[in-house]
Amino acid sequence: MRPEFDPTLNGGLDKLHRYHREAAADAVLQLNKDRNGVRQGWWSAVMQRVWQRLHRPSVPTVRH
């Protein structure tokens, strides 16, 4: 019997194919999560520096 018509083998191949798809999707999600963590950390550092520059104590100007 050809494999595509064997219900037991076909079911096993479907499960294996689904497992590989889910594993690939999980790997991509994990990679994006790691990248977003790096990007967010970088962005947070930039925004912290901008906030510090904008909220420096004002120095009174001296007029002569």
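Anchor point for the sequence shown: position 23 equals 73 in my numbering, and the numbering is continuous, going up by one each time. By construction, the Cβ of each residue, glycine as well, lies at the ideal position given by its N, Cα and C atoms.
(Q) Using only the alpha-carbon positions, how far apart do V100 and D64 sit? (A) 53 Å
**Q.** G61 versus H67: straight-line alpha-carbon distance, rounded
**A.** Approximately 10 Å, taken between the alpha carbons.
Q) Which runs of the beta strand (DSSP E) spanning at least 3 residues fall entirely within the segment 56-82, listed in chain order? A) none
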